[in-house]
Structure formats: structure tokens, C-alpha cells
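Asks:
There are 2 protein chains.
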Amino acid sequence: MVQRPRGTRDFTPAAMKRRLALEHLLEDVAQRHGFSRVQTPVFESLELFTAKSGPGVIGQLYAFQDKGERDLTLRPELTAPVMRMVAEEMRMDTKPLRLSYYGQCYRYEEFKTGRYREFFQYGVELIGASGPLAEAEVIALAVNMLHATELEGWEIRIGHVGVLKDALTGLGLSADVDPSTGEPPVASAMRLLDKGDEAGLNALFTQQGLDPANTEPLRALASLEGGMETLGPARELLSSMEGVSLEALDELETTLQALAALAPAPPALAVDLTVARGLDYYTGTVFEVKVEELGGEGQVLGGGSYKLLHLFGLPDLDPCCGFGLGFDRVQLALEAQAAAAGRQDAVPGEADGRPFIAVAPNKTEAMPLLPLVAALRAQGARVELLLSSKNYGRIIKWTEGIGASHLLVVTAEDIENGSGRLINFSSGDRSDVALNAEAVLQSL
Amino acid sequence: MVQRPRGTRDFTPAAMKRRLALEHLLEDVAQRHGFSRVQTPVFESLELFTAKSGPGVIGQLYAFQDKGERDLTLRPELTAPVMRMVAEEMRMDTKPLRLSYYGQCYRYEEFKTGRYREFFQYGVELIGASGPLAEAEVIALAVNMLHATELEGWEIRIGHVGVLKDALTGLGLSADVDPSTGEPPVASAMRLLDKGDEAGLNALFTQQGLDPANTEPLRALASLEGGMETLGPARELLSSMEGVSLEALDELETTLQALAALAPAPPALAVDLTVARGLDYYTGTVFEVKVEELGGEGQVLGGGSYKLLHLFGLPDLDPCCGFGLGFDRVQLALEAQAAAAGRQDAVPGEADGRPFIAVAPNKTEAMPLLPLVAALRAQGARVELLLSSKNYGRIIKWTEGIGASHLLVVTAEDIENGSGRLINFSSGDRSDVALNAEAVLQSL
Chain E
0 MVQRPRGTRD FTPAAMKRRL ALEHLLEDVA QRHGFSRVQT PVFESLELFT AKSGPGVIGQ
60 LYAFQDKGER DLTLRPELTA PVMRMVAEEM RMDTKPLRLS YYGQCYRYEE FKTGRYREFF
120 QYGVELIGAS GPLAEAEVIA LAVNMLHATE LEGWEIRIGH VGVLKDALTG LGLSADVDPS
180 TGEPPVASAM RLLDKGDEAG LNALFTQQGL DPANTEPLRA LASLEGGMET LGPARELLSS
240 MEGVSLEALD ELETTLQALA ALAPAPPALA VDLTVARGLD YYTGTVFEVK VEELGGEGQV
300 LGGGSYKLLH LFGLPDLDPC CGFGLGFDRV QLALEAQAAA AGRQDAVPGE ADGRPFIAVA
360 PNKTEAMPLL PLVAALRAQG ARVELLLSSK NYGRIIKWTE GIGASHLLVV TAEDIENGSG
420 RLINFSSGDR SDVALNAEAV LQSL
Chain G
0 MVQRPRGTRD FTPAAMKRRL ALEHLLEDVA QRHGFSRVQT PVFESLELFT AKSGPGVIGQ
60 LYAFQDKGER DLTLRPELTA PVMRMVAEEM RMDTKPLRLS YYGQCYRYEE FKTGRYREFF
120 QYGVELIGAS GPLAEAEVIA LAVNMLHATE LEGWEIRIGH VGVLKDALTG LGLSADVDPS
180 TGEPPVASAM RLLDKGDEAG LNALFTQQGL DPANTEPLRA LASLEGGMET LGPARELLSS
240 MEGVSLEALD ELETTLQALA ALAPAPPALA VDLTVARGLD YYTGTVFEVK VEELGGEGQV
300 LGGGSYKLLH LFGLPDLDPC CGFGLGFDRV QLALEAQAAA AGRQDAVPGE ADGRPFIAVA
360 PNKTEAMPLL PLVAALRAQG ARVELLLSSK NYGRIIKWTE GIGASHLLVV TAEDIENGSG
420 RLINFSSGDR SDVALNAEAV LQSL
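So the protein lines, in turn, are chains E and G.
In terms of numbering that gives the first Met the number 0, the first sequence opens at residue 0 and continues consecutively.
In terms of numbering that gives the first Met the number 0, the second sequence opens at residue 0 and continues consecutively.
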């Protein structure tokens with residue numbers, strides 16, 4: 000028997016109902032924030048992703064050649080395709096652009112819970128504006144989306160790649176590669192700070208002809224932990240180091256103030272002053288959201304300010320700011336939390352409130368019931384008609400099996416009398432009801 | 000500059016708004032009819048499609064090998080994947096299943112308007128029930144969907160593959176391959192009828208030892224054209240031929256009667272008694288919808304009853320019935336009709352009625368306006384905040400550029416007074432408004 004390809008999933012009606020509810024919910028919040036959905040193809044030219052992430056990325060891609068021997072690949076992420084689209088089609092549109100997207104992405108790797116070869120990402124990009132207000136708008140959207148999902152126990156960690164970099168360059172460390180070590184002294188210092196290697200840091204400063212006394216406030220800065228309250232001590236430490244700019248810290252503080260005005264407080268907010276996100280294209284504020292209970296797969300959202308448009312021949316006058324939300328992981332977390340709380344619905348809006356009526360002719364023809372079925376549907380009800388004759392016991396089993404909220408069961412005699420029997424499957428109530436749509440809907 | 004792959008499309012915010020509106024509208028109608036969305040992966044094992052359509056299909060596929068040298072392909076259609084999913088995951092679910100799906104499909108071919116290498120299909124399958132009532136439910140869903148889109152000038156053509164086949168086998172022609180011609184006499188007769196080759200048909204009958212007099216009512220049957228009114232003459236012609244079963248015609252008549260009760264009349268309905276859809280897996284009623292103005296690309300929907308489950312190791316006790324709707328073509332037709340009528344909106348529900356407010360601080364800080372922005376969004380409005388200072392003229396241009404319905408412009412003095420100026424961009428009305436969400440929303 001032909002099977003589903005490894006690492007992919009099928010989504011049953013019950014799963015899709017939740018996924019569509021989550022998609023609509025995220026879309027609604029995005030709309031309120033002025034973000035509009037765009038869509039790009041599932042495959043792209045291979046070079047789109049090697050331009051962004053380097054040739055090393057190919058090993059994780061579903062790359063293939065088309066019949067014209069063009070190198071294509073299933074997309075591993077959605078930021079580069081959206082940037083490509085902006086460069087090709089939206090150069091003349093009023094900036095800044097507020098774009099949202101949702102779709103499948105692909106990576107070739109061993110799969111486990113929460114990591115699939117075909118996975119789904121929802122994300123946004125604010126293109127053509129920069130600075131704390133733009134960043135706060137994007138982070139507020141992330142926070143409002145997560146609030147709307149009613150996810151619990153998440154933490155947002157916000158940093159600014161410039162704080163530590165400004166401090167290190169302000170102290171005199173170079174951002175250019177040192178041929179003797181193969182990396183810039185700034186990067187070496189970040190690594191040593193991250194490891195807590197005091198002696199190594201002192202040696203680096205001495206070797207660079209700098210005063211090792213400055214490593215103490217640096218190490219104090221790197222060890223700061225907490226929320227908004229860490230900004231005060233950080234400001235003191237940065238001010239104590241001569242030549243160090245406060246610009247990045249000021250930006251971060253303004254971003255956090257604007258965020259507090261634009262979105263309700265998240266369950267937990269951590270300020271991370273020594274963040275040094277691996278990817279070179281981040282330029283300012285960076286942020287990520289984790290859900291503790293998902294463990295190693297707990298990051299459900301990540302983003303920041305970045306410069307990528309130059310890769311597509313566009314001027315990078317302003318950085319962009321955006322985030323990607325791991326749709327599958329958020330869904331998993333919501334389902335785990337609903338299960339733990341004994342709730343049946345995992346996503347707000349999953350139960351759409353639409354009545355679901357099973358209509359069953361009992362040992363009689365369905366034909367006389369069809370106008371009623373059509374009228375109930377025209378008024379918005381979900382109606383499944385029994386398509387083959389069954390005895391009463393199997394009609395009940397069928398109604399339970401399809402998950403209808405109500406059963407309207409009608410015999411030949413009922414049709415002559417113009418009435419049927421309506422059974423409410425949650426309350427067990429039974430009542431006689433006239434065979435017209437208004438009467439049935441009023442009796443639900 | 001990296002470009003979009005050939006034959007694929009990007010969808011801008013304006014295009015996506017329409018596409019999402021159409022998707023939601025189709026989904027709403029499907030829900031009312033008891034159909035639930037499922038989703039399968041974008042790629043499948045290659046053999047899934049060669050099993051259904053034969054090895055000849057490979058030339059039109061985006062086929063590739065993964066790193067484990069498994070033969071995969073981007074899916075060219077969605078019926079086989081849904082059947083595969085049912086076989087793998089839904090064997091035990093209450094039958095019949097009413098499933099709907101929507102997604103990208105791929106075919107490798109030269110592209111032109113209405114035919115893309117990446118295209119989108121919406122479809123449904125009713126699995127585990129057969130007969131006229133089941134077929135009428137599926138066709139009624141198709142008709143109700145097209146009515147809901149407000150598409151104009153479409154025609155539905157409904158036939159039954161059994162009518163002509165029953166007549167030919169009833170007259171004594173064999174459905175088994177004749178070694179001297181390489182095809183079954185039934186198929187030869189269908190071909191000759193289709194060509195209107197009277198002499199050839201007579202010769203075939205004589206060669207098979209049958210009375211050539213019977214070819215006259217057959218040719219009369221094949222030339223019948225029209226709607227429901229063709230069923231009467233067809234019944235007379237079939238009855239005039241000895242040994243010919245009326246079963247398929249009876250089924251078709253019942254299907255059409257049930258359809259008339261389940262859905263409003265389509266703009267045009269044609270009955271096609273001599274349909275012989277190429278694909279072997281069709282077993283009963285078949286139907287298709289055309290939109291005249293799309294020309295050669297005018298088929299927007301096609302479906303029927305078929306047997307495919309045996310390909311996946313499942314018993315084919317009942318045929319399935321389903322259809323695929325060409326999402327891109329319906330969209331194209333709606334856009335063409337809207338343009339011809341001078342209407343701005345092409346899809347019902349495209350204008351969601353959500354107020355869209357541009358909020359612009361005029362030569363002042365945005366920070367004091369952020370709580371108002373958050374409050375307006377919390378009440379469902381779409382709000383874009385101006386992120387960088389502009390003069391008044393450029394604020395107006397920006398508001399027009401993003402397509403906002405209203406502009407709230409606020410100076411430093413306004414903030415002190417607690418009021419701002421609201422401009423309605425469709426009426427041109429201007430009014431002063433207090434800077435709280437309720438006051439702004441009431442003044443729209």
C-alpha cells in the first residue's frame with residue numbers, strides 16, 4: 000500500500016478544524032495591526048536560499064532540478080521568498096509594507112515530535128521602517144497573537160544585538176577579523192563572556208592593548224538577568240565604561256516602553272542584554288518566545304530587525320523587522336495545555352457555534368425531506384443527510400459517529416403529518432417539530 | 000536578481016484578500032453540506048499517481064528523489080492523496096465521509112493564462128455511499144458553491160457513463176477486447192457514434208452478428224441535446240431497443256430530481272446521455288461546469304462517481320463521488336466579470352466591513368497615541384500607525400497609498416486638548432474627535 004512520505008503529516012477533519020481556527024485567529028490579529036496576507040510559491044530558485052544562508056544550507060533542503068535543469072528547492076522558510084516578492088512586485092507600493100504569510104516549509108532532517116520535514120510557519124514582515132516604534136509594533140503583534148491563542152506559560156525574551164557590540168567596540172575591540180585567531184576580537188570577547196571565562200577575557204584585553212579593568216563591568220553586564228528592571232543597572236554599568244555608546248540601550252528601552260503601551264503584559268518578559276543572535280543579518284532588537292513545557296522544542300516564535308533586501312538588488316535604506324511563528328508548535332502546546340486542563344477545545348473559535356443536524360429518513364424515502372435539508376443549509380446550519388436506509392439503532396450510532404449535535408428522524412407517517420422527532424444529543428431532550436427550517440432551528 | 004520560478008505566481012495583498020474570501024466562502028458552503036476540510040502533504044510517493052493514472056503521467060510531474068533515494072513528486076491533483084489518507088488514517092471512521100480539501104497542485108507544462116505550473120484546487124469527496132442521492136448531494140454542493148461565488152453565465156453538464164454503455168451491452172456488444180481490432184466492440188461503437196459514422200456503426204453491428212436496425216435509435220440517442228426535457232425522448236428510444244436496461248437512465252433522472260430539490264437552478268443545465276469520460280475509474284454520474292467566456296480554459300469544475308479505493312488495498316464496496324474546482328479559474332472568471340461590470344469587488348465577502356484607520360502623529364511623538372491604537376485594535380478595527388515623521392501632504396499620500404478608510408491626525412496641541420482630527424477618505428468629511436477608542440469608532 001502506498002504510504003505517506005516520511006516526516007510529513009495528514010490532517011484529519013478534527014485536526015484541520017483546529018488548524019483553520021488558529022490560522023483565522025492569527026490572521027484576525029494581523030489584520031487589526033494592519034498586516035495583509037501575501038503568498039509565494041512552494042518552490043523557489045535554489046540560489047534564493049544560498050544567497051541568504053550560504054551554500055551550507057543545501058544539505059538541509061529538498062532541492063531538485065526541473066526538466067529545464069533549473070535548480071529549485073522546496074522553501075525552507077518564508078522570509079527570503081517574501082523579500083524576493085517585494086523586490087519583484089512591490090517596489091512601488093507605499094512603504095512601510097506590513098505583510099503576513101502562512102504556509103508549508105520543508106527541511107530534510109530526522110523528524111520527531113514538533114519537528115517535521117513538512118512544517119507550517121506563520122509570520123510577518125514590516126518592511127521599510129526601522130527604529131523602536133517599528134520594532135514595538137512587530138513585537139506587540141507577536142504578543143497580541145499569543146494572547147489571542149490563550150496559550151499559557153510562555154516567556155518572551157527581548158534583546159538588542161547592539162548593546163554588547165557597542166560596549167565592546169566602544170572599549171576599543173575591533174570588529175574586523177584578527178588573522179592570528181581567525182575571528183574578530185569582538186566575537187572572541189562575546190564567546191568568552193558567554194562561557195564566563197574571566198582569565199581568557201582578561202588575556203584578550205591585554206593582548207589588544209586594553210585595560211583589563213574594563214572586563215569587570217562587562218562581566219557584570221553579561222550576568223544581569225530579569226525584566227525591565229535590568230535596564231537601570233545596565234545603564235550604570237555601560238556609563239561606567241569610557242567611550243561606550245548608550246544608543247542601543249536607549250533604543251531597547253524605548254521599544255519596551257512602546258510595547259507596554261501597545262499590548263497587554265506577556266506572562267513573562269525577560270530582557271537579554273548580551274544576546275548575539277548567530278545570523279549576521281540581524282541589526283537591532285531581537286526576540287523569541289519559549290513555552291517551557293515543550294522542552295527542547297519550546298521556541299514557538301522568533302524574530303527581530305534585519306537587513307536582507309540588498310541580496311535582491313534593493314537598497315537596504317531601512318532594516319526590516321519581522322518574526323516567524325512555529326504554527327505546529329503553538330498548536331502542539333495549545334493541545335497539550337487543553338488536554339492537561341481537561342478542555343475539549345484547544346483553540347479559541349474552534350467550536351464555531353454552527354448547529355450540526357443529522358437528518359435521517361427512517362424506513363422511508365429521503366426525497367420529501369430534501370427541500371428542508373436545503374432550507375436548513377441556506378440558513379447556515381450544517382446538515383448531513385443519511386444516504387442509505389438504516390434501522391433506528393444504526394441511525395443513532397451514525398449520528399454519534401459523525402458528531403452531530405442534533406438528529407432529526409422522520410418516518411413515512413411523520414412526513415404525512417408534517418412533523419418529525421428532534422433529538423438533542425448533548426441534553427438528550429426529544430421533541431416533536433414541524434418539518435420546516437424555522438421550526439427546526441427554533442427547537443434546537 | 001533571483002526571480003520567481005517560471006509558471007508560478009506571487010499573490011499580493013489585494014490578490015490574497017480575494018483568494019482568502021473565495022476560500023472562506025467555499026469552505027462555508029462545504030460546512031453547511033457537512034463536508035470537513037482535510038489536508039495532505041504537498042509531495043507524495045511517485046507511485047501514488049502512477050497507480051492511479053499510469054506511468055505516462057510522470058512526464059507532467061515535478062518528480063524528484065529525496066536523499067534516501069525515494070521517488071517523490073509534487074502532487075498533480077488531490078483525489079489520490081485524499082484516498083491514500085483515508086486508507087491510512089480513516090478506515091474506522093463513520094461512513095460515508097464527507098471531506099473537502101484546498102491546496103497547491105503542480106504540473107510541468109508550458110503555462111498561459113489560467114494554466115500555471117503551481118495551481119490551486121478546491122474539491123470534495125463523498126466516500127462510502129453511492130447512488131443518486133449521494134451524487135445529488137455532491138452536485139448540489141457544487142451548484143451551491145458556484146451560486147455563492149455569484150459567478151455568472153456558467154453551465155453544468157450532467158451525464159451518466161452507464162446510459163450508453165447499458166444500451167450497447169444490452170444490444171449484445173461485448174465490453175471485452177476484440178483481438179482483431181484491439182479494443183472492445185462497445186468502445187468501437189462509442190467512438191463511431193461520437194464521429195457520427197453511420198456506415199461504420201452498421202458494419203460493426205453486422206460484423207458482430209447484430210441487427211443494424213438498432214443503430215438508428217442509438218444515433219438518435221447520441222444526438223439528443225438539451226436539459227431535463229431530453230429524459231423523455233431518451234426513455235422512449237432506450238425502450239425501443241430490445242434487451243436494453245433503463246437502470247442508468249433511471250438513476251440519472253432520480254439524481255436530477257434530487258438535485259432540483261437540494262439546490263437552486265443553475266444558470267444553465269445540460270443533460271449529456273452519451274458522455275464517455277475517458278478515465279476508466281468513473282462508474283456513474285459525471286458532471287462538469289464551464290464558463291463560456293473563459294474559452295478553451297473554461298472548465299472550472301469537474302467530477303463524478305468513481306472507484307479508486309482498491310488501488311490502496313481497500314474494498315471498493317461503494318463508489319465515491321467528488322469534484323475538483325479550479326480555484327484559479329473561478330477567481331479569474333469572477334475578476335473578469337467584475338471588471339466588465341465596473342465592480343471593484345470580485346468575490347462576495349472580499350470587503351470585510353472592518354474599519355481601516357490610519358493614525359498619524361503630525362510633528363509630534365507617537366508614544367502618547369499608542370494606548371488609543373491598542374484600544375482601537377482590541378475593538379476590531381484595522382489600525383496602521385505612522386512610524387516616521389512626515390509633513391501633512393505626505394501623511395495624506397501615505398493614507399491613500401495604504402488604502403485606509405479613515406485618517407486620524409493628531410498634533411502636539413491636540414494631545415494636550417485630548418482631541419484629534421478624523422478624516423473620512425470616501426466622503427471627505429472631517430470632524431474633531433476625542434482621543435478615545437469609543438469616540439473614534441462612533442465618528443467613523
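All residues carry an ideal CB built from backbone N, CA and C; glycine is no exception.
Would you kindly work out how many angstroms separate the C-alpha atoms of GLU46(E) and ALA340(E), rounded to a whole number?
Replies: Residue 46(E) sits at position 47 when you count from the first residue of the first sequence. Residue 340(E) sits at position 341 when you count from the first residue of the first sequence. Near 47 angstroms, if we compare the C-alpha coordinates of ALA340(E) and GLU46(E).
Asks: If GLU136(E) sits next to LEU261(E), beta carbons under 8 angstroms apart, how far is it from one beta carbon to the other, in whole angstroms?
Replies: In the first sequence, counting from the first residue as 1, residue 136(E) sits at position 137. In the first sequence, counting from the first residue as 1, residue 261(E) sits at position 262. So it is a contact: roughly 7 angstroms between Cβ atoms.
Asks: Tell whether a beta-carbon distance below 8 angstroms holds between GLN30(G) and LEU77(G).
Replies: For the purposes of this step, residue 30(G) is taken as the residue at position 31 of the second sequence. For the purposes of this step, residue 77(G) is taken as the residue at position 78 of the second sequence. Going by C-beta atoms, GLN30(G) is not nearer than 8 angstroms to LEU77(G).
Asks: Excluding five sequence neighbours on each side, which residues of the same chain lie with their C-beta closer than 8 angstroms to the C-beta of VAL409(E)?
Replies: Walking along the first sequence from the start, residue 409(E) turns up at place 410. Cβ neighbours of VAL409(E) beyond the five flanking positions: VAL358, ALA359, PRO360, ASN361, THR363, LEU368, GLY419, ARG420 and LEU434.
Asks: At the level of alpha carbons, what is the spacing between LYS51(E) and TYR105(G)?
Replies: Position 52 of the first sequence, counted from the first residue, corresponds to residue 51(E). Position 106 of the second sequence, counted from the first residue, corresponds to residue 105(G). So the alpha carbons of these two residues sit roughly 26 angstroms apart.
Asks: Roughly how many angstroms separate the alpha carbons of ALA338(G) and LEU237(G), rounded to a whole number?
Replies: Taking the first residue of the second sequence as position 1, residue 338(G) is located at position 339. Taking the first residue of the second sequence as position 1, residue 237(G) is located at position 238. Taking the straight line from one Cα to the other gives about 47 angstroms.
Asks: Verify the CB distance criterion: does ARG97(G) have a CB-CB separation below 8 angstroms to chain E?
Replies: Your numbering for residue 97(G) matches position 98 in the second sequence. It does; some Cβ of chain E falls within 8 angstroms.
Asks: Jot down the residue ranges of each uninterrupted beta strand (DSSP E) in the region 381 to 409 of chain G, minimum 3 residues, whole runs only, in chain order.
Replies: 381 to 384 and 405 to 409
Asks: Quick check: SER304(G) and THR282(G), are their CB atoms within less than 8 angstroms of each other?
Replies: On the second sequence, residue 304(G) is found 305 positions in, with the first residue counted as 1. On the second sequence, residue 282(G) is found 283 positions in, with the first residue counted as 1. If you check the CB distance, SER304(G) and THR282(G) come in under 8 angstroms.
Asks: Could you give the first and the last residue of the continuous beta strand (DSSP E) run that contains LEU368(G)?
Replies: Counted from its first residue, the second sequence places residue 368(G) at position 369. Looking at the DSSP string, LEU368(G) is not in any beta strand (DSSP E), and its letter there is neither H nor E.
Asks: For a contact defined as C-beta to C-beta under 8 angstroms, what are the partners of TRP397(E) on chain G?
Replies: As a first step, residue 397(E) must be located in the first sequence, where it is residue number 398. Simply THR93.
Asks: Check distances from the C-beta atoms of the region 417 to 431 of chain E to those of chain G and list, in chain order, the residues that come in under 8 angstroms.
Replies: none
Asks: Give a yes or no on whether 8 angstroms exceeds the smallest Cβ distance from ILE138(G) to chain E.
Replies: Counting from one through the second sequence, the residue named residue 138(G) turns up at place 139. No, ILE138(G) does not count as interfacial toward chain E.
Asks: DSSP on ALA269(E), reduced to helix/strand/coil?
Replies: Locating residue 269(E) in the first sequence gives position 270, where the first residue counts as 1. DSSP places ALA269(E) in strand when its eight states are reduced to three.
Asks: Could you spell out where the alpha helix (DSSP H) holding ASN143(G) opens and where it closes?
Replies: Reading the second sequence from its first residue, position 144 is the one you call residue 143(G). Boundaries of the alpha helix (DSSP H) harbouring ASN143(G): 131 to 148, taken from the DSSP string.
Asks: For GLY417(E), does the three-state DSSP call read helix, strand or coil?
Replies: Looking up residue 417(E) in the first sequence gives position 418. Note: GLY417(E) maps to coil in three-state DSSP.
Asks: Pull out every residue of the region 18 to 35 of chain E whose Cβ sits closer than 7 angstroms to any Cβ of chain G, in chain order.
Replies: LEU19, GLN30, ARG31, HIS32, GLY33 and SER35
Asks: For a test of the three-state rule: what should DSSP assign to THR72(E), helix, strand or coil?
Replies: Position 73 of the first sequence, counted from the start, is the residue given in the question as residue 72(E). Note: THR72(E) maps to strand in three-state DSSP.
Asks: Measure the beta-carbon distance from ARG114(E) to ARG5(E) and round it to whole angstroms, keeping in mind my assumption that it falls under 8 angstroms.
Replies: In the first sequence, counting from the first residue as 1, residue 114(E) sits at position 115. In the first sequence, counting from the first residue as 1, residue 5(E) sits at position 6. Actually they are not in contact, since the Cβ atoms of ARG114(E) and ARG5(E) sit about 13 angstroms apart, beyond 8 angstroms.
Asks: In or out: GLU22(E) buried (at least 16 other Cβ within 10 Å) or exposed?
Replies: Within the first sequence, numbered from 1, the residue matching residue 22(E) stands at position 23. Buried, since its Cβ has 16 or more Cβ neighbours within 10 Å.
Asks: Among ARG17(E), PRO232(E) and VAL288(E), which one has its Cα closest to the Cα of HIS146(E)?
Replies: In the first sequence, residue 146(E) corresponds to position 147, counting from 1. That would be VAL288(E), whose Cα lies nearest to the Cα of HIS146(E).
Asks: Would you report the Cα separation of LEU191(G) and ALA221(G), rounded to the nearest angstrom?
Replies: What you label residue 191(G) is simply residue 192 of the second sequence in a count that begins at 1. What you label residue 221(G) is simply residue 222 of the second sequence in a count that begins at 1. The alpha-carbon atoms of LEU191(G) and ALA221(G) are separated by roughly 11 angstroms.
Asks: Please name the residue in VAL382(G), GLU334(G) and VAL346(G) whose C-alpha comes closest to that of ILE356(G).
Replies: As a first step, residue 356(G) must be located in the second sequence, where it is residue number 357. Answer by Cα proximity: VAL382(G).
Asks: Taking C-alpha atoms, which residue in GLN298(E), GLN336(E), GLU349(E) and LEU73(E) lies nearest to GLY325(E)?
Replies: As a first step, residue 325(E) is located in the first sequence; it is residue number 326 there, counting from the start. Of GLN298(E), GLN336(E), GLU349(E) and LEU73(E), the residue nearest in Cα terms is GLN298(E).
Asks: Establish whether the CB of GLU88(G) and some CB of chain E are separated by less than 8 angstroms.
Replies: On the second sequence, residue 88(G) is found 89 positions in, with the first residue counted as 1. By this cut-off, GLU88(G) is an interface position.
Asks: Verify the CB distance criterion: does ASP249(E) have a CB-CB separation below 8 angstroms to chain G?
Replies: By 1-based counting over the first sequence, the position of residue 249(E) is 250. False, the Cβ-Cβ gap to chain G never drops below 8 angstroms.
Asks: Spell out the partners DSSP gives VAL285(E) in its beta bridges.
Replies: The count along the first sequence starts at 1 and reaches residue 285(E) at position 286. Looking at the DSSP output, VAL285(E) sits in a beta bridge with GLY158(E) and GLY303(E).
Asks: Against THR39(E), what residues of chain G qualify as contacts under a CB-to-CB distance less than 7 angstroms, listed in chain order?
Replies: To locate residue 39(E), count along the first sequence from 1; it is residue 40. Ordered by position in chain G, the residues that pass the 7 angstroms Cβ test against THR39(E) are ASP9.
Asks: Check this for me: beta carbons of ALA133(G) and LEU386(E), under 8 angstroms apart or not?
Replies: As a working note, residue 133(G) is residue 134 in the second sequence. As a working note, residue 386(E) is residue 387 in the first sequence. A contact, by the Cβ cut-off of 8 angstroms.
Asks: Please name the residue, chosen from SER425(G), PHE34(G), GLY161(G) and GLY417(G), that lies closest to ALA438(G) on a Cα-to-Cα basis.
Replies: By 1-based counting over the second sequence, the position of residue 438(G) is 439. Comparing Cα positions, the closest option is GLY417(G).
Asks: What are the uninterrupted segments assigned as alpha helix (DSSP H) that are 4 or more residues long and contained completely in the region 221 to 260 of chain G, given in chain order?
Replies: DSSP runs (the alpha helix (DSSP H)) wholly in the region 221 to 260 of chain G: 230 to 239.
Asks: Under the assumption that GLU43(E) contacts THR72(E) (Cβ atoms under 8 angstroms), give the Cβ distance between them as a whole number of angstroms.
Replies: Counted from its first residue, the first sequence places residue 43(E) at position 44. Counted from its first residue, the first sequence places residue 72(E) at position 73. The Cβ separation is near 6 angstroms, so the contact holds.
Asks: Is there contact between the region 162 to 171 of chain E and the region 230 to 246 of chain E, where contact requires at least three CB pairs shorter than 8 angstroms?
Replies: Yes: at least three Cβ pairs fall under 8 angstroms.
Asks: Given that a residue counts as buried once 16 or more other Cβ atoms are within 10 Å of its Cβ, and exposed if not, what is ARG376(E)?
Replies: As a first step, residue 376(E) must be located in the first sequence, where it is residue number 377. With 16 or more other Cβ atoms within 10 Å, it is buried.
Asks: Just to confirm my understanding: we take LYS94(G), look at its own chain, exclude 5 residues before and 5 after, and list those with CB closer than 6 angstroms. What are they?
Replies: Numbered from 1 along the second sequence, position 95 holds the residue referred to as residue 94(G). GLY127, listed in sequence order.
Asks: I'd like to check one pair, ILE422(E) with LEU406(E): are the Cβ atoms closer than 8 angstroms?
Replies: The residue you call residue 406(E) lines up with position 407 of the first sequence. The residue you call residue 422(E) lines up with position 423 of the first sequence. Closer than 8 angstroms, so yes.
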